[in-house]
Amino acid sequence: MSSPHFRQRLGENRPLLVPGIYDALTALIAEQSGFEALYLSGASIAYTRLGRSDVGLVTASEVADTVASIADRVVLPLIVDADTGFGNALNTQRTVRAFERAGAAMLQLEDQTFPKRCGHLDGKAVIPLQEMCGKLRAALDARHSDNTLIMARTDALAIEGWDATMERAEAYLACGVDALFIEALRSNNQLADAGKRFGARVPLLANMIEGGKTPPHSVDTLGEMGFRIVIFPGGTARAAAFALQAYFRSLRANGSSAAMQDSMLDFDGLNETIGTPTLLELGRRY
2 MSSPHFRQRL GENRPLLVPG IYDALTALIA EQSGFEALYL SGASIAYTRL
52 GRSDVGLVTA SEVADTVASI ADRVVLPLIV DADTGFGNAL NTQRTVRAFE
102 RAGAAMLQLE DQTFPKRCGH LDGKAVIPLQ EMCGKLRAAL DARHSDNTLI
152 MARTDALAIE GWDATMERAE AYLACGVDAL FIEALRSNNQ LADAGKRFGA
202 RVPLLANMIE GGKTPPHSVD TLGEMGFRIV IFPGGTARAA AFALQAYFRS
252 LRANGSSAAM QDSMLDFDGL NETIGTPTLL ELGRRY
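Laid out in C-alpha cells, this is it:
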C-alpha cells in the first residue's frame, strides 16, 4: 500500500531485496519470511492464473483483482507490474487509478508495444520515446497520492542498443518518475555502467531472472553497483512449479503423498500459516 515510509526506505543507502509473488498466499508467506516489500509479477500472474506465457494475455482487471486480494491480506508495500499501462496514455491513467485504488505502492510502466512480452524473451518492440514520455506524464498526473510511486522501465536495449537506451532512461527520469528500471542488462559492465550513471540519482532496479539474460548477482553485490531495488520476480513461480512437479510425480508413482510428507506442510501446518485459528476465534467473537 502507498505510504511515505516506502519512499523513505528507497532513499536509504542500502539495497531493498524484493521477492516476486503472484497471489495472497505467496504474499503472506513472503511477509512472514521477513521481507520489506513485494513485487507482483505480471509474468507470474500469467503462469499461475492462465497457465500461459508472459506475452500480454493478462488484462488490467485481472491484475487489479490480484492486487486487491494481496493488499487485503498483507501490509507490505507492493510493487506492481503494470506492463505498458494496457494501452495508450489514457488507458495508462485508468490503470494507475485502478491499481492505486486496489492497493499498489509503486507501478512499473514499460515502453514496449502492446501487447508486450517478457523482457527476457526475444522479439520485443518499443514505442517512440516521446510517446512513452507522454504515458509517464499521464501516469504521474493520474495518481491520487504522491506516495503512489511510478517506475519507468525501458526494454530498448535489445532493440535500439546502449546509447539509445541511455537516452530513453534520461528522458524518462526527466519526466519526474520515482524509480528507473533498465531491463535485460546483458553483462557485468552494463550493470556497472547503469549503476554508475543513475544509482546516485534515482532508485535503480535490477531484475534477477533465473536463466535470463542478466548475469545473476546477490543483493549486496548489486547494491555496491548502485542498485537500490533488486527483484527476483519469477523465482517464486518457478520454485512452486518445481515442487509441484515433484509432488505430482510422487503421488502418481506411489498412490499416496506419504513419500512427500517431509517436503510439504500438513493440514495443521497450512492452517497455522494462513491464520485459521485467529480467524475462527474472530468468528466466535462476532
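All the letters of the sequence shown, read from the start, carry residue numbers 2 to 287 under our numbering. Every residue, glycine too, gets a C-beta built ideally from N, C-alpha and C.
Looking only at 117, 32, 143, 159, the smallest Cα-Cα distance to residue 71 is reached by 32. Contact between residue 43 and residue 82 holds, with the beta-carbon distance rounding to 4 Å and staying under 8 Å. The beta carbon of residue 28 lies closer than 7 Å to those of 22, 39, 71, 74, 75 in the same chain, with the five residues before and after it left out. For residue 248, DSSP assigns no beta-bridge partner whatsoever. Under the three-state reduction of DSSP output, residue 23 falls in the coil class, being neither helix nor strand. In the three-state DSSP reduction, residue 71 falls in the helix class (H, G or I).
Note on geometry: alpha-carbon atoms of residue 17 and residue 254 lie some 42 Å from one another. Residue 95 and residue 171 have their C-alpha atoms roughly 25 Å apart. For residue 232, the enclosing beta strand (DSSP E) stretches over residues 230 to 233. Here the C-alpha atom of residue 188 lies approximately 24 Å from the C-alpha atom of residue 84. Here the C-alpha atom of residue 128 lies approximately 17 Å from the C-alpha atom of residue 181. Counting along the chain, residue 113 sits inside no beta strand (DSSP E), nor does DSSP assign it H or E at all. DSSP places residue 89 in the coil class of the three-state scheme, outside both helix and strand.
Relative to residue 69, the option among 233, 106, 252 whose CA is nearest is 106. Remark: C-beta atoms of residue 86 and residue 136 approach each other more closely than 8 Å. Judged by DSSP secondary structure, residue 190 falls within the alpha helix (DSSP H) whose first and last residues are 189 to 199. The closest CA to that of residue 8, considering only 79, 51, 257, is found on 79.
Rounded to whole angstroms, the gap between the alpha carbons of residue 132 and residue 258 is 54 Å.
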